[in-house]
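Have a look at the structure below, then the notes.
Numbering (the working numbering), first residue to last: 1421 to 1545.
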């Protein structure tokens, strides 16, 4: 079995596309108008797993924006060149919560996306 996609709740489709495709450099796989909502699918280049960007619908979903990981890092952006991608993301306006650190599993630094979710930029050891 394989996880092929997961849903990420956002406040606005275009803001989600701007972050994932503009800032992170993901590919826009689909953006299909379905009337009341859109099917927006993004994927990191070469990845097997897609992220389905879903605009919050109602107060419960709106409250979940930025809290999908319950305050923990829950998204892991793996790189093969930490320094390059750390510099690129910083130039794109990403603010890291910490300086890069070296752990037994690799080099890592935590950042928050524009929606409040915490990510690890990680280059595995």
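From the three backbone atoms N, C-alpha and C, an ideal C-beta is built for every residue, glycine too.
Starting from residue i, follow the beta strand (DSSP E) in both directions and report where the run begins and ends.
i: residue 1538; result: 1538 to 1544
i: residue 1475; result: 1470 to 1475
Between residue i and residue j, what straight-line distance do the alpha-carbon atoms span, to the nearest angstrom?
i: residue 1457; j: residue 1514; result: 28 Å
i: residue 1540; j: residue 1533; result: 11 Å
i: residue 1436; j: residue 1430; result: 6 Å
i: residue 1545; j: residue 1520; result: 14 Å
i: residue 1470; j: residue 1527; result: 24 Å
i: residue 1425; j: residue 1472; result: 7 Å
i: residue 1480; j: residue 1500; result: 37 Å
i: residue 1434; j: residue 1454; result: 15 Å
i: residue 1509; j: residue 1444; result: 7 Å
i: residue 1502; j: residue 1522; result: 11 Å
i: residue 1478; j: residue 1490; result: 19 Å
i: residue 1428; j: residue 1518; result: 24 Å
If you run the structure through DSSP and keep just helix, strand and coil, what is residue i?
i: residue 1417; result: The question about residue 1417 has no answer here: the residues shown for the chain are numbered 1421 through 1545.
i: residue 1527; result: strand
i: residue 1535; result: coil
i: residue 1432; result: coil
i: residue 1452; result: strand
Using a Cβ-Cβ cutoff of less than 8 Å, which residues in the same chain neighbour residue i once the five nearest sequence positions on both sides are dropped?
i: residue 1441; result: 1447, 1448, 1462
i: residue 1496; result: 1539, 1540, 1542
i: residue 1536; result: 1485, 1486, 1487
i: residue 1450; result: 1459, 1460, 1461
Beta-carbon within less than 7 Å of residue i's beta-carbon, same chain only, minus the 5 sequence neighbours each way: which residues are those?
i: residue 1423; result: 1469
Less than 6 Å between C-beta atoms, sequence neighbours within five positions excluded: which residues of the same chain meet that for residue i?
i: residue 1452; result: 1459
- Message: Restricting to runs no shorter than 4 residues, where is the alpha helix (DSSP H) found entirely within the segment 1462 to 1523?
- Response: 1479 to 1484, 1502 to 1511
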